Amino acid sequence: MQISFLDTIANFQPWKPELGQVYQNLYSIHIATSNIGLNHPRIAPVYILSGVYDGKHGYFLTRENVYDFMTIHQDIEIIFHDAPSNLAMLECLLLREEKDIDVYRLIDENRLYDTQLLHRLFMLASEGHTARGEDEATLERCSQDYLQIPLAMTSIAPQRNENRLSFDKWLGRPPQEIEPEYLRSLAETAVLTFHLKHEILGRIWNLLQGSSSVWGYPPGIMNQIWKFGYLTHHIQLKGAVALKKVTENGLCVDLDSTESLQAELDFLELELKHQLLAKGFNPDGKGSSQALQKQLKKLNASIHFIVSLKLIMERMSLHRKLCKSWLIMNHS
Numbered sequence: 096m097q098i099s100f101l102d103t104i105a106n107f108q109p110w111k112p113e114l115g116q117v118y119q120n121l122y123s124i125h126i127a128t129s130n131i132g133l134n135h136p137r138i139a140p141v142y143i144l145s146g147v148y149d150g151k152h153g154y155f156l157t158r159e160n161v162y163d164f165m166t167i168h169q170d171i172e173i174i175f176h177d178a179p180s181n182l183a184m185l186e187c188l189l190l191r192e193e194k195d196i197d198v199y200r201l202i203d204e205n206r207l208y209d210t211q212l213l214h215r216l217f218m219l220a221s222e223g224h225t226a227r228g229e230d231e232a233t234l235e236r237c238s239q240d241y242l243q244i245p246l247a248m249t250s251i252a253p254q255r256n257e258n259r260l261s262f263d264k265w266l267g268r269p270p271q272e273i274e275p276e277y278l279r280s281l282a283e284t285a286v287l288t289f290h291l292k293h294e295i296l297g298r299i300w301n302l303l304q305g306s307s308s309v310w311g312y313p314p315g316i317m318n319q320i321w322k323f324g325y326l327t328h329h330i331q332l333k334g335a336v337a338l339k340k341v342t343e344n345g346l347c348v349d350l351d352s353t354e355s356l357q358a359e360l361d362f363l364e365l366e367l368k369h370q371l372l373a374k375g376f377n378p379d380g381k382g383s384s385q386a387l388q389k390q391l392k393k394l395n396a397s398i399h400f401i402v403s404l405k406l407i408m409e410r411m412s413l414h415r416k417l418c419k420s421w422l423i424m425n426h427s
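Just so you know, the numbering used here puts the end of the sequence shown at 427, numbered straight through with nothing missing.
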């Protein structure tokens, strides 16, 4: 299949193990998934088919060929949009097929790029926020902002968004049996992801180059990029993957509600402090915890009440630590 997109003409064909290594340098990958699990952080959607592209040549990867392709290209850098979710899908697929490969190795080696994360970091550096609002960091939004191409305005215009979310019926089917508009949609998205990475990095580089006269700018920052990544991308990506793993294993940190919950906790904490101060107790004073317990015992308060209050305070402290961890992760 030949596609013409973003001033690019590329041929996409199914990759087979007998083709061997087809990429020598960086390539992008976009995975078509099932609808199941898209809105559930603890469930990885099912891998159906993916498109890969290196700036010249494109290929489609079926489920049964993912392991061979990744093994042959295990030392080549990869570009994802939302790497944590895509890696979780690949890990789930390979574990189900009992294939032994570490899909997270490239992250440890700082050889994997996430265009969604790069976008968030660029927004933080240029506008002071991390694009956490609804649809502020989607592939659609990034294609519009950086490449001036609405993702819904491609060669299959009105059908594209529907196609990207309705690959379920092609599960287990070879590429030659999949309708061309679905394959074209997947191929164009892989091409877009590849160009998106270079466009965002170009803007980040220009931003850094123009920041040398700003107060607080460290003169050796360019030398640190290769260690920590552009705008600390490599560190942030490790943190994002770790946070997703924590969420998958039962501790769900609701990032979207963090700010509102933090404000509510701050209000409750302040209200409680005022009540305690009115009783002659300073909750911020030295030895305040022991003093509070003594006051409660003088009032013949029940042990249950003392324990409950202690648990409440500990819970508030834990939540505040989680909030602070999130803030550090997203604003460092």
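Backbone N, C-alpha and C define an ideal beta-carbon position, used for all residues, glycine too.
In this text the structure is predicted, and so the values were computed from the model without any measurement.
Boundaries for S123: no alpha helix (DSSP H) harbours it, while the beta strand (DSSP E) harbouring it runs Y122 to T128, taken from the DSSP string. Where T103 is concerned, the enclosing beta strand (DSSP E) starts and stops at T103 to P109.
The beta carbons of N205 and I171 sit no closer together than 9 Å. Assignment of beta-bridge partners to L207 by DSSP yields I173.
Taking a contact as a CB-CB distance under 8 Å, the pair I202 and V336 counts as one, their CB atoms being some 6 Å apart.
Counting along the chain, G153 sits inside the beta strand (DSSP E) bounded by residues G153 to T157.
Following the DSSP letters along the chain, one finds L144 inside the beta strand (DSSP E) bounded by residues Y142 to Y148. Spatial neighbours of D149 in its own chain (CB-CB distance under 6 Å, excluding positions within 5 residues in sequence) are listed in chain order as Y118 and Y122. Counted as a single uninterrupted DSSP element, the alpha helix (DSSP H) harbouring F289 occupies residues P275 to Q304. DSSP lists T103 as the bridge partner or partners of F100. Taking C-beta atoms under 8 Å as the contact rule, I299 and L326 qualify, at a distance of about 6 Å. For the pair A105 and Q319, the Cα-to-Cα distance works out to about 36 Å.
Residue burial annotation: N181 is buried, with at least 16 other C-beta atoms found within 10 angstroms of its C-beta. Each residue's CA atom was taken as its position, placing I98 and S306 some 39 Å apart.
Within the stretch 364-393, the complete alpha helix (DSSP H) segments of 4 residues or longer fall at 383-393, listed in chain order. Below 8 Å, enough C-beta pairs join the stretch 217-237 and the stretch 284-299 to call them touching: three or more. Across the set T284, Q370 and D379, the C-alpha of T284 shows the shortest separation from the C-alpha of T103.
E192 sits in coil when the DSSP states are folded into three classes, being neither helix nor strand. Our two residues, I273 and I330, have alpha carbons roughly 39 Å apart in a direct line.
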